[in-house]
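K.L.:
Okay, so the sequence shown: first residue is 1 according to full-length UniProt numbering, each after it adds one. The beta-carbon is built from N, C-alpha and C at its ideal position, and this holds for glycine as well.
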Amino acid sequence: MEIKAETETYPLYLGSGLLARAGAILREEGLTGKVLVVTNPTVGAFYLAVVVKALAEAGFDVQTVTIPDGEVYKRLDQLTKVYDAAVVGCLERDSTILALGGGVIGDLAGFAAATYLRGVRLVQVPTSLLAQVDSSIGGKVAVNHREGKNLIGSFYQPSVVLSDLEVLTTLNEREFKTGLAEIIKVGLIGDCTLDAFLRQHSTAVRRREPEALLEIIARACAFKAQVVTEDVREKGRRAILNYGHTIGHALEAETGYTVYRHGEAVAIGMAAAAAISVELGLATPELSRATLEVLTLYELPTTIAGIPAEQLLARMAWDKKVKNGRLRLVLSPRVGDVLVKDDVPPELILAVLRRMGAA
Ligand SMILES: NC(=O)c1ccc[n+]([C@@H]2O[C@H](COP(=O)([O-])OP(=O)(O)OC[C@H]3O[C@@H](n4cnc5c(N)ncnc54)[C@H](O)[C@@H]3O)[C@@H](O)[C@H]2O)c1
Ligand SMILES: [Zn+2]
């Protein structure tokens with residue numbers, strides 16, 4: 001797949017056995033010289049050796065740096081470790097930083113690549129389902145600040161993305177499902193064929209059968225690529241990708257990022273967005289039914305267990321403050337379509353949240 005971002009275009013490879021071919025592919029894509037591989041101990045234990053071997057065999061000068069596993073390590077002091085490794089390894093402007101891991105490693109290594117020497121080459125090798133369909137595409141890179149997620153970041157496009165389906169076999173069930181939530185989102189906001197596939201082939205998807213995974217990942221990547229191409233710097237259309245996210249982010253933040261995986265919070269957020277759309281008369285109750293149906297098929301949560309609705313609304317308002325405007329919600333008139341509203345009455349949002357179990 002070719003992904004266009006402003007003046008640049010970069011290839012996304014999607015298939016099985018790509019890690020072992022990483023060196024050859026990067027050569028074909030014109031990369032040479034030094035590669036600094038950034039990973040974490042979990043992913044590294046499975047895949048670092050095969051990637052390092054593949055790169056070395058293709059003539060790359062390979063170095064590695066390992067960041068502890070977890071969202072809490074997506075922060076400045078760990079970024080410093082990557083810069084230190086880059087200095088020690090004498091990376092040059094045409095050198096490459098390769099992110100081998102989920103979205104945490106992708107975002108952190110991506111920000112390092114964007115800033116070290118004002119930019120070295122970046123290769124994304126996403127290993128979680130979420131990273132394959134979401135964070136590795138679109139060029140957003142960042143680390144967290146203690147006051148908020150992704151506050152320090154940039155837009156920086158990779159030179160190559162390598163998504164190997166085989167790595168998904170070692171992903172635990174919960175992480176797999178969190179990635180599925182983003183794929184379900186794409187079906188709900190814009191790709192009816194994907195939505196239908198997810199409903200018809202849930203057994204194959206949940207068994208992680210390669211053909212089923214290829215179909216849904218390729219569709220989700222193509223959709224995201226198309227949206228970000230139209231709006232590289234997130235000024236407009238890209239907002240539709242935030243379907244389910246305003247409420248999802250509020251849930252994650254309100255529970256200190258310890259209760260919900262991102263996709264779980266987004267699943268609840270999508271159930272809420274559908275209910276709000278119905279309540280506003282923008283959609284028929286069929287939208288809520290169909291949304292709950294597909295989320296339940298994949299055992300994703302759709303209720304809010306006792307979290308105070310007022311607090312969630314306040315968190316959503318914080319989002320609003322950051323964006324310097326009114327509270328904008330991505331809603332939906334029907335499966336496969338979205339619209340953005342900035343005049344939803346807060347009482348209506350509170351009522352929906354309470355109906356979903358919020359206190
Ligand atoms: N840049 C973007 O556009 C964008 C978009 C969405 C999310 N994000 C960011 O992505 C992050 C979330 O990404 P994530 O869900 O991948 O989390 P993650 O990177 O923490 O990975 C989830 C867990 O799975 C493990 N893992 C990853 N691949 C594995 C594999 N193949 N086998 C076994 N274990 C594996 C990781 O070690 C980790 O424990 C967040 O920080 C979020 O802000 C960024
Ligand atoms: Zn998301």
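In chain order, which continuous runs of the alpha helix (DSSP H) of length 4 or greater are located wholly inside the segment 148-219?
P.N.:
173-189, 192-200 and 202-206, all fully within the segment 148-219.
K.L.:
Which residue's Cα is closest to the Cα of Arg261: Ala196, Arg174, Leu162 and Gly236?
P.N.:
Minimum Cα distance to Arg261 is reached at Arg174.
K.L.:
I need the boundaries of the beta strand (DSSP E) containing Lys34, first residue and last residue.
P.N.:
Lys34 -> beta strand (DSSP E) spans Lys34 to Thr39.
K.L.:
The alpha helix (DSSP H) with Gly110 in it runs from where to where?
P.N.:
Run containing Gly110: Gly103 to Thr115, per the alpha helix (DSSP H) assignment.
K.L.:
Shortest alpha-carbon distance to Gly256 belongs to which of Gln311, Lys177 and Lys81?
P.N.:
Residue Gln311 is the option with its Cα nearest to Gly256.
K.L.:
Given a cut-off of 7 angstroms on the beta-carbon distance, is the pair Thr302 and Ala271 in contact?
P.N.:
Cβ distance < 7 angstroms, so Thr302 and Ala271 count as in contact.
K.L.:
Would you call the segment 127-145 and the segment 170-188 in contact, with 3 or more CB pairs under 8 angstroms?
P.N.:
The answer is yes - the segment 170-188 touches the segment 127-145, with three or more Cβ pairs under 8 angstroms.
K.L.:
Go to Gly23, then tell me how far its alpha helix (DSSP H) extends in each direction, as first and last residue.
P.N.:
It spans Ala22 to Glu28 - the alpha helix (DSSP H) in which Gly23 sits, taken as one unbroken run.
K.L.:
Can you give the Cα-Cα distance for Ser332 and Ala56, rounded to whole angstroms?
P.N.:
If I take the Cα positions, the gap works out to 49 angstroms.
K.L.:
Taking 6 angstroms as the cut-off, is the C-beta of Leu171 nearer than that to any heavy atom in ligand 1?
P.N.:
Checking the Cβ of Leu171 against ligand 1 gives yes.
K.L.:
In this structure, how does DSSP classify Gly44 when only helix, strand and coil are distinguished?
P.N.:
DSSP places Gly44 in helix when its eight states are reduced to three.
K.L.:
What are the start and end residues of the alpha helix (DSSP H) that includes Glu234?
P.N.:
Run containing Glu234: none; DSSP gives neither H nor E here.
K.L.:
Do Ser135 and ligand 1 come close, with the Cβ less than 6 angstroms from some heavy atom?
P.N.:
Yes.
K.L.:
Short check: CB of Ala114 to CB of Tyr156, under 7 angstroms?
P.N.:
Yes, they are a contact pair.
K.L.:
Using 8 angstroms for Cβ pairs, my map puts Ala85 next to Leu36. What's the rounded Cβ distance?
P.N.:
6 angstroms between Cβ atoms; contact.
K.L.:
Going by C-alpha to C-alpha distance, which of Gly106, Leu108, Asp61 and Ser154 sits closest to residue 366?
P.N.:
Because the chain in this structure spans residues 1 to 359, residue 366 falls outside the shown range and cannot be described.
K.L.:
Under DSSP, the beta strand (DSSP E) around Thr66 begins and ends at which residues?
P.N.:
Here the beta strand (DSSP E) through Thr66 covers Asp61 to Thr66.
K.L.:
Use the C-beta contact count for Gln78: other C-beta atoms within 10 angstroms, 16 or more gives buried, fewer gives exposed.
P.N.:
Gln78 comes out buried.
K.L.:
Which one or two residues does DSSP pair with Thr291 in a beta bridge?
P.N.:
According to DSSP, Thr291 bridges with nothing at all.
K.L.:
Go to Tyr83, then tell me how far its beta strand (DSSP E) extends in each direction, as first and last residue.
P.N.:
No beta strand (DSSP E) contains Tyr83, which is instead part of the alpha helix (DSSP H) from Leu76 to Val88.
K.L.:
Using a Cβ-based criterion (distance less than 6 angstroms to any ligand heavy atom), does Asp69 qualify as near ligand 1?
P.N.:
Because some heavy atom of ligand 1 lies under 6 angstroms away, the Cβ of Asp69 counts as near it: yes.
K.L.:
Report the residue from Thr64, Ala99, Lys4 and Phe197 whose alpha carbon sits nearest the alpha carbon of Gly336.
P.N.:
Closest option to Gly336, Cα to Cα, is Phe197.
K.L.:
One question on the structure: do Glu254 and Ile307 come within less than 7 angstroms of each other, judged by their Cβ atoms?
P.N.:
Yes, the pair counts as a contact, with Cβ atoms nearer than the cut-off.
K.L.:
Identify every residue that forms a DSSP beta bridge with Ala142.
P.N.:
For Ala142, which the question treats as bridged, DSSP gives the partners Gly153.
K.L.:
Considering only the alpha carbon of each residue, which of Ile349, Val294 and Ser202 lies closest to Thr246?
P.N.:
For the residues Ile349, Val294 and Ser202, the minimum Cα distance to Thr246 belongs to Ile349.
K.L.:
In angstroms with no decimal places, state the Cα-to-Cα distance between Leu280 and Leu188.
P.N.:
So the two alpha carbons sit approximately 18 angstroms from each other.
K.L.:
Run through DSSP, which three-state label would Glu299 get?
P.N.:
In this structure, Glu299 counts as coil in the three-state DSSP scheme.
K.L.:
For the candidate residues Val123, Gly103 and Arg315, whose alpha-carbon lies nearest to that of Val43?
P.N.:
Ranking the options by Cα distance to Val43, first place goes to Gly103.
K.L.:
Could you have a look at Ala99 and say whether DSSP puts it in helix, strand or coil?
P.N.:
Strand.
K.L.:
Using only the heavy atoms of ligand 1, determine whether one of them is closer than 6 angstroms to the beta carbon of Val167.
P.N.:
Indeed, a heavy atom of ligand 1 lies less than 6 angstroms from the Cβ.
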